Amino acid sequence: MQRRHLGVIIFLALSAWVTLAIVVRTQDPKAGGPTSLLLFFPSFFVASSGFFTLLGFWIGRFLRRRPLEIALRQGVILGGVLTGLLLLQGLGVLELWNGVLLALAGLSFELFFRWQKSPRRT
11 MQRRHLGVII FLALSAWVTL AIVVRTQDPK AGGPTSLLLF FPSFFVASSG
61 FFTLLGFWIG RFLRRRPLEI ALRQGVILGG VLTGLLLLQG LGVLELWNGV
111 LLALAGLSFE LFFRWQKSPR RT
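One point on numbering: in the working numbering, the residue at position 119 of the sequence shown is 129, and numbering is uninterrupted.
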């Protein structure tokens, strides 16, 4: 089952990278208007999430046995943080504090999910 999920993640990540390359090569963000941005940001999110998921899964597999679900969760959170940073940069409002707050939001999501999975002590 994990092999099939891994295959789907690889397929989606490669498809998103191809889509991202096509969007970057063919669309002009200034002249393309909202269409180019609506193509760019979701494809960047899926591509970066897939990349970080696969990277985290393979590193976690060599260091210790970590399930794919953890790598997927962390990859999606990291992809979301990077997409948010890129969106803020594109809007021209990215400052150090915005980036730190966005990174802390991603960290708090991860800690929340990790805390929910840990056994309760009484």
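Even for Gly, the Cβ is constructed at its ideal location relative to N, Cα and C. Keep in mind it's a predicted model, so treat the numbers as computed, not measured.
Query - Reference Leu96, options Arg124, Ser25 and Phe51, closest by Cα - result: Along the sequence shown, one-based indexing puts residue 96 at 86. Out of Arg124, Ser25 and Phe51, Phe51 has the C-alpha closest to the C-alpha of Leu96.
Query - Reduced DSSP category for Val103 - H, G, I as helix; E, B as strand; rest coil - result: Your numbering for residue 103 matches position 93 in the sequence shown. Three-state DSSP puts Val103 in coil, outside helix and strand.
Query - Length of the line joining the Cα atoms of Arg14 and Phe21 - result: The count along the sequence shown starts at 1 and reaches residue 14 at position 4. The count along the sequence shown starts at 1 and reaches residue 21 at position 11. Looking at the two C-alpha atoms, the distance is approximately 11 Å.
Requested in this report: Compute the distance between the beta-carbons of Thr63 and Ile32, then report whether it is under 7 Å.
Outcome: Position 53 of the sequence shown holds residue 63. Position 22 of the sequence shown holds residue 32. Cβ distance not < 7 Å, so Thr63 and Ile32 don't count as in contact.
**Report entry** Straight-line gap, Ser25 to Leu88 (C-alpha atoms, nearest Å)
**Finding:** Translated into positions along the sequence shown, residue 25 becomes position 15. Translated into positions along the sequence shown, residue 88 becomes position 78. Roughly 19 Å separates the two Cα atoms.
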